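Here the structure is laid out as structure tokens; the discussion comes afterwards.
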Amino acid sequence: SGDTEDVPEIRSLENIDVAFLCMNLPFTMTVLKAASTLRDMRPAIAYPYHYRNSDNSFADLDALATAVGTDLPVEIRRRTWY
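Shown next, in the form of structure tokens:
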């Protein structure tokens, strides 16, 4: 996704095998926007990255996985990427 919000162009992508989404505030998506975007895109695999916020806190990856849910075949892969 690069440093962007959940713009319609990202949400409308189809047939995505692997998605990388940034979640650092205040510059990119919130956890809930990223989860909603992933639910729309439905990639097979999603890597959240660049998730350290400007105050040095980290986005909640557990909350991301919960918000994406388990009813879609989207696998959230966690790595130690800020």
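Mapped onto the numbering used here, the consecutive letters of the sequence shown carry residue numbers 1207 to 1288. Ideal Cβ placement from N, Cα and C applies to all residues, glycine included. These figures come from a predicted structure and were not determined experimentally.
Quick check on the burial criterion: 16 or more other C-beta atoms within 10 angstroms. Buried or exposed for residue i?
i	result
residue 1278	exposed
residue 1238	exposed
residue 1207	buried
residue 1250	exposed
residue 1280	buried
With distances taken from CA atoms, which of the options is nearest residue i?
i	options	result
residue 1213	1265, 1287 and 1234	1234
residue 1258	1243, 1267 and 1252	1267
residue 1283	1262, 1263, 1230 and 1224	1224
residue 1217	1271, 1275 and 1244	1244
residue 1210	1231, 1221 and 1222	1231
residue 1229	1287, 1285 and 1256	1256
residue 1236	1276, 1269, 1262 and 1287	1269
residue 1285	1260, 1252 and 1262	1252
Would you please state the rounded distance, in angstroms, between the beta carbons of residue i and residue j? I believe it to be under 8 Å.
i	j	result
residue 1241	residue 1265	In fact, because the Cβ distance is near 11 Å, the residues do not count as touching under 8 Å.
residue 1254	residue 1227	6 Å
Enumerate in chain order the residues of its own chain whose CB-to-CB distance from residue i is below 7 Å, with the five nearest sequence positions on each side excluded.
i	result
residue 1248	1278 and 1280
Beta-carbon within less than 8 Å of residue i's beta-carbon, same chain only, minus the 5 sequence neighbours each way: which residues are those?
i	result
residue 1246	1217 and 1218
Between residue i and the ligand HEM, is there a pair consisting of the residue's CB and a ligand heavy atom that are separated by less than 7 Å?
i	result
residue 1225	In the structure shown, the ligand HEM is absent, as is every other ligand, since no ligand is present at all.
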